[in-house]
Structures are given as C-alpha cells and as structure tokens.
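Numbering follows our numbering, in which position 190 of the sequence shown is assigned residue number 278; successive positions increment by one, without gaps.
The beta carbon of each residue, even a glycine, is placed where N, CA and C say it ideally should be.
Down below is the structure, laid out as structure tokens.
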Amino acid sequence: MRLNKYIASAGVCSRRKADELIDAGKVKVNGLEVMEFGLQVNEGDVVEVDGKVIKLSTKPPMYIMLNKPTGFVTTASDDAGRPTVFDLLDDIDERLFPVGRLDYNTSGLLILTNDGDFSNLMMHPKNKVYKTYLVKVKGILSHYKANILRSGVIIDGVKTAPAIVELIKQGNNSTVLEIKIHEGRNRQIRKMCEALGHPVLELHRAAIGDLTLGHLKIGHYKKINPSDIQALINKATKPEKKAKPAGGRARDKR
89 MRLNKYIASA GVCSRRKADE LIDAGKVKVN GLEVMEFGLQ VNEGDVVEVD
139 GKVIKLSTKP PMYIMLNKPT GFVTTASDDA GRPTVFDLLD DIDERLFPVG
189 RLDYNTSGLL ILTNDGDFSN LMMHPKNKVY KTYLVKVKGI LSHYKANILR
239 SGVIIDGVKT APAIVELIKQ GNNSTVLEIK IHEGRNRQIR KMCEALGHPV
289 LELHRAAIGD LTLGHLKIGH YKKINPSDIQ ALINKATKPE KKAKPAGGRA
339 RDKR
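Structure follows, in structure tokens:
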C-alpha cells in the first residue's frame, strides 16, 4: 500500500494532508525519515507520524456531520489557543479528521471521518463534488460581476474553476449569494469575492453534494446515514453532467 494511503487508512488524515506530513519530514518508516509519497508500505513495516506509531484501523469507518459555529478552527489543536471543532465532539472516542476545512469565521456543514479514501473522493477537484455556500458580501454585487464568478476569477495567480452562482437578495449595502464550487482552495470563496471588490461579511456552508444540515442545530453533530455516504460516493465516482449556472434577476426572499 502506498504510504499516503496507509496514513489515510489508519485514520490519521486525508491523503492530501498525508502528503504534506511526508513533505514536512514528519513520517518515518522503520525508523527512517521518508520523503517519498509513493513509498510502498509492506506487512511488518512500522510507520510513525509525528513520533507516534500508527496502524491500520480494524474498526468500521465513522462519519460525523457537524454544524460548525464561527469561532472554531478545523484542526486538532491551535497554536493561538483558540477552540477547535474537536472540542464539540464530547462523546466521540474515535480519532477523526475533517474532510476539508472551514475557516475560523465560517460556519456550516463539516464532515469528520476516519475514512481516508472517502475524504480523498470528496476533496479531489476532478470528482466535482459541489459544496454549496450562502455568502453575504459588502456592497451591491452586479449581475456582471456574478457572471465573472461563474466564469472564473484569478486568485493567487490561478483562475478558479467555473462556479454556479445565484443572486438571492440585495440590501442597502450588501448582497446575499448562493455559490457552488467543487474546488477546495484556501479561503477560496472569500478570495473570489474580494477579488471583485466585495469583502465577505458572512459565510456559511449549506451542503456538500446533496447532503444538507437539515434541522441540525449550530454546534451540534450527528452520525451520517450510510445511504447518504453512499450517495456522496456515487456522486464522486459518477459525476453528473455539468449544471447550468443560474442567472436572471435577484430573488427577494424577505
């Protein structure tokens, strides 16, 4: 088994994060530091991550849905001492990791699991699992700028993939949008809007694929139904035809 997959299958983190740990020199195999992502781990090999020996889990995978509040980081610990989403999982003993991240000031749907393969499916852009965000930005965002979001915006020197954008409501000096993206670049929604001169005031992830929070209260969590996990896997392995970007005039939901 490839080293990054072994780390993910042991419930440590996603494959992408495993590559980062390997690149940072935090992984050893049989006592030797490894810098090769594709190294094959064989039966009897001893794998260490951050000085701790890891083993493949024999327990069934777990999938948790959390309605993340703002004011929490999506990591196991924080150098600044801020609360983490794991502080909210008061009766979960399994070692879980987040599928992607929501930043400190973003709320909404976060999946936590110990299934590295599932995480890789959800996060890889080629699988086009759309994440739906409700976004409130400063200022009146025009239909022209909404079309720029739909076609792609240059952030960090690279153009984003086309987004599905719908104008929901315009206030005195703000606009509410629904934005769907299948990439997972760092602070992507915020950077896309800021690039057009509309800083994000509020950001909430409402859905991953067809999975929504339903009536789950903020700060609460629950196990995800196996059928919902299978539906996400099906969406990742058998992506639907490209959805048509929403257009038209703003809908006033007041």
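Residue closest to P149, alpha-carbon to alpha-carbon, out of I199, G113 and E136: On the sequence shown, position 61 is the one that residue 149 refers to. Residue I199 is the option with its Cα nearest to P149.
Span of the beta strand (DSSP E) around N92: Start at 1 with the first residue of the sequence shown, and residue 92 comes out as number 4. Note, N92: premise wrong, no beta strand (DSSP E); alpha helix (DSSP H) at L91 to S97.
field: Under the three-state DSSP convention, the category K156 falls into
entry: Here residue 156 refers to the residue found at position 68 when the sequence shown is read from its first residue. In this structure, K156 counts as strand in the three-state DSSP scheme.
- prompt: When DSSP builds the beta bridges, which residues end up paired with V292?
  reply: Looking up residue 292 in the sequence shown gives position 204. According to the sequence provided, residue 292 is His. The question's Val does not apply to it. S195 and L222.
query: Where does S165 land, buried or exposed, given buried means 16+ other C-beta within 10 angstroms?
result: Counting from 1 along the sequence shown, the entry for residue 165 is found at position 77. Counting the other CB atoms within 10 Å of its CB gives S165 a total below 16, which places it among the exposed residues.
message: On the DSSP letters alone, give me the boundaries of the alpha helix (DSSP H) that L209 sits inside.
response: By one-based count along the sequence shown, residue 209 stands at place 121. G204 to M211 is the extent of the alpha helix (DSSP H) around L209.
query: Is N118 near D133, with beta carbons less than 8 Å apart?
result: Taking the sequence shown and counting its residues from 1, the one referred to as residue 118 is at position 30. Taking the sequence shown and counting its residues from 1, the one referred to as residue 133 is at position 45. Judged by their CB atoms, N118 and D133 are nearer to each other than the 8 Å cut-off.
- prompt: Thinking C-alpha only, which one of L229, V173, Y221 and I142 is nearest Q258?
  reply: As a first step, residue 258 is located in the sequence shown; it is residue number 170 there, counting from the start. Checked all of L229, V173, Y221 and I142; the closest Cα to Q258 is L229.
task: Count the CB pairs spanning the segment 169-185 and the segment 234-243 that are closer than 8 Å, and state whether there are at least three.
output: Of all C-beta pairs linking the segment 169-185 to the segment 234-243, fewer than three are shorter than 8 Å, placing the two stretches out of contact.
message: Suppose contacts are defined by Cβ-Cβ distances below 8 Å. Is G204 in contact with G272 by that definition?
response: Within the sequence shown, the letter at position 116 stands for residue 204. Within the sequence shown, the letter at position 184 stands for residue 272. The Cβ atoms of G204 and G272 lie no closer than 8 Å to each other.
field: Rounded straight-line distance, which links the Cα of T163 to that of Y94
entry: Walking along the sequence shown from the start, residue 94 turns up at place 6. Walking along the sequence shown from the start, residue 163 turns up at place 75. Answer to the nearest angstrom: the Cα atoms are 21 Å apart.
- prompt: Of all the options T248, Y218 and E254, which has the alpha carbon lying nearest to the alpha carbon of A355?
  reply: This structure does not reach residue 355, given that the chain is present from 89 up to 342, and the question cannot be answered.
Straight-line gap, D138 to L291 (C-alpha atoms, nearest Å): On the sequence shown, residue 138 is found 50 positions in, with the first residue counted as 1. On the sequence shown, residue 291 is found 203 positions in, with the first residue counted as 1. Cα-Cα distance, rounded: 33 Å.
Sheet register partners of S262 (DSSP bridge): Taking the first residue of the sequence shown as position 1, residue 262 is located at position 174. According to DSSP, S262 shares a beta bridge with K226.
query: Can you tell which of S207, I306 and I152 has the C-alpha that lies nearest to the C-alpha of F160?
result: Position 72 of the sequence shown holds residue 160. Cα-wise, what sits closest to F160 is I306.
- prompt: What is the C-beta distance between L320 and M153, in whole angstroms, given that I count them as a contact (C-beta under 8 Å)?
  reply: Position 232 of the sequence shown, counted from the first residue, corresponds to residue 320. Position 65 of the sequence shown, counted from the first residue, corresponds to residue 153. Not a contact, Cβ separation roughly 11 Å.
- prompt: Is the distance from the Cβ of K310 to the Cβ of L304 below 8 Å?
  reply: Within the sequence shown, residue 310 is the residue found at index 222, counting from 1. Within the sequence shown, residue 304 is the residue found at index 216, counting from 1. Yes. Within cutoff.
field: Local Cβ density within 10 Å of T325, reported as buried at 16 or more and exposed below that
entry: Position 237 of the sequence shown, counting from 1, holds the residue named residue 325. Exposed, because fewer than 16 other Cβ atoms sit within 10 Å of the Cβ of T325.
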